[in-house]
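First up is the structure itself, then whatever we jot down about it.
Numbering (our numbering), first residue to last: 303 to 401.
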């Protein structure tokens, strides 16, 4: 996980909390990848039956962190946002966004 994502499981619900209040939870490449990893792990965990996505009080997410996005190096593989989108669209778990 990354320093700006908190995860916990309670009553069969995985909570993924965006925790970067200084930047209104703007997503970095590392956050996208950590988010995707948490979803992928939840998919194979029989203790998880749903996923709750939320931000710290005051902001759900401002979207991309433009500084991180513009400074990212080109790679031959999937971009971090694409990895997350793939994980979101391929999970069979119910997803709830608390915006």
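A virtual CB, placed ideally from N, CA and C, is assigned to each residue, including glycine.
Candidates the options: which alpha carbon is nearest residue i's?
{"i": "residue 309", "options": "342, 325, 331, 328", "result": "342"}
{"i": "residue 370", "options": "344, 325, 399, 395", "result": "325"}
{"i": "residue 390", "options": "313, 318, 304", "result": "318"}
{"i": "residue 355", "options": "347, 346, 340", "result": "340"}
{"i": "residue 405", "options": "347, 380, 304", "result": "Outside the shown range of the chain, which is 303 to 401, sits residue 405, and nothing can be said about it."}
So, for residue i: in the same chain, excluding its five sequence neighbours on each side, which residues have a beta-carbon less than 7 Å away from its beta-carbon?
{"i": "residue 335", "result": "382, 385"}
{"i": "residue 311", "result": "349, 350"}
Skipping 5 residues on each side, what residues in its chain have a beta carbon closer than 6 Å to that of residue i?
{"i": "residue 397", "result": "353"}
{"i": "residue 399", "result": "355"}
Which whole-angstrom value describes the C-beta separation of residue i and residue j, a residue pair presumed to lie in contact below a C-beta threshold of 8 Å?
{"i": "residue 270", "j": "residue 367", "result": "This structure cannot speak to residue 270, because the chain is shown only from 303 to 401."}
{"i": "residue 362", "j": "residue 315", "result": "Between residue 315 and residue 362 the Cβ distance is about 18 Å, and since that is not below 8 Å, they are no contact."}
Let me check one thing: in DSSP terms, what residues is residue i bridge-paired to?
{"i": "residue 315", "result": "312, 352"}
By Cβ distance, which residues of its chain are closer than 8 Å to residue i, with the 5 residues on each side in sequence left out?
{"i": "residue 327", "result": "306, 320, 321, 357, 358, 361, 362, 363, 364"}
Taking 7 Å as the cut-off, does the CB of residue i come closer than this to any heavy atom belonging to the ligand GDP?
{"i": "residue 311", "result": "With respect to the ligand GDP, the structure offers nothing, as it holds no ligand at all."}
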